[in-house]
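S.K.: The structure under discussion is supplied below as structure tokens; questions concerning it will follow.
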Amino acid sequence: EDQVTQSPEALRLQEGESSSLNCSYTVSGLRGLFWYRQDPGKGPEFLFTLYSAGEEKEKERLKATLTKKESFLHITAPKPEDSATYLCAVQVPTNDMRFGAGTRLTVKP
Amino acid sequence: DTAVSQTPKYLVTQMGNDKSIKCEQNLGHDTMYWYKQDSKKFLKIMFSYNNKELIINETVPNRFSPKSPDKAHLNLHINSLELGDSAVYFCASSQVQGSPLHFGNGTRLTVT
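Residue numbers (the numbering used here), protein chains in the order written: chain A, -10 to 98; chain B, 3 to 114.
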């Protein structure tokens, strides 16, 4: 069965303290891996798509990487405005998106 | 210039009632979706529509029915509401099936 597991569930960082979020998946025939950011009371907002192992994408303080079994979202020198829930989703052969439960990130000033 | 808008934002109703949630997208996308986010924050797909044809229907009770009057709208009708239907429901759209999703801001449904 296709599964997406994100860790940790919650992460608290000091401003400037870099860290990584993990998304591990078991999918037969991965078509793409997506990262989204969700703020409280809002819908998820698209960040990145990764399609093949070794691929990397960057946007401001965020960098996403992909291997055959997992993806990492690296956050460099985070700021309080980076606080949000980060969701990982995998696209399966039926083109459906399977979401993980998310990592709730809090960045303290 | 809201891309995906859904109404209402909050919906409080009693068990057994019938309710609808509306969704509209102005992105010109071909595919629209309904997702349910439960208390544990898992987003689970309920339906998707591509050119007014239902293409995904997960194991959702038939009390839930999507209605698409045109490519820009996908409404969700729920009959005989139950306590377990309480959740946040998100509408989304994508250019084609499998491309990044654009979400609305959700409708928090509370069934009492």
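A virtual CB, placed ideally from N, CA and C, is assigned to each residue, including glycine. Predicted, not measured: the structure shown is a model, and the values here were computed from it.
1. Can you have a look at A89/B and say buried or exposed, based on whether 16 or more other CB atoms are within 10 angstroms of its CB?
2. Taking DSSP's pairing of strands, which residues face A42/A in a bridge?
3. Beta carbon of R65/B, beta carbon of S82/B: below 8 Å?
4. Just tell me which of S13/A, D28/A, L39/A has its CA closest to the CA of E22/A.
5. Following the continuous beta strand (DSSP E) through F23/A, name the residue where it begins and the one where it ends.
6. Give every residue of the same chain whose Cβ lies closer than 8 Å to the Cβ of W59/A, excluding the five residues on either side of it in the sequence, and list them in chain order.
7. At a cut of 8 Å, does the segment 28 to 35 of chain B reach the segment 97 to 106 of chain B through at least three beta carbon pairs?
8. Run through DSSP, which three-state label would E84/B get?
9. Check the DSSP bridge columns for E34/A and list the partner residues they point to.
10. Under 7 Å: does the beta carbon of V14/B sit that close to some heavy atom of the ligand PLP?
11. For D85/A, would you say it is in contact with chain B, using Cβ-to-Cβ distances shorter than 8 Å as the test?
12. Can you tell me the Cα-Cα spacing of K97/A and L36/A, whole angstroms?
13. Counting contacts by CB-CB distance shorter than 8 Å, is G106/B in contact with chain A?
14. Check each candidate in R50/A, E(-10)/A, S8/A and name the one with the smallest Cα separation from S(-4)/A.
M.R.: Here's the rundown:
1. buried
2. Answer by DSSP bridge pairing: none, since A42/A is not bridged.
3. yes
4. Note on identity: in this sequence residue 22/A is Leu, with Glu being the wrong assignment. Taking only the C-alpha atoms, the option nearest L22/A is L39/A.
5. 21 to 27
6. This sequence places Glu at residue 59/A; Trp is not what is there. Closer than 8 Å at Cβ, skipping near neighbours: N11, C12, S13, Y14.
7. yes
8. coil
9. R26/A
10. With respect to small molecules bound, the structure shown includes none, and the ligand PLP cannot be examined in it.
11. yes
12. 22 Å
13. yes
14. S8/A
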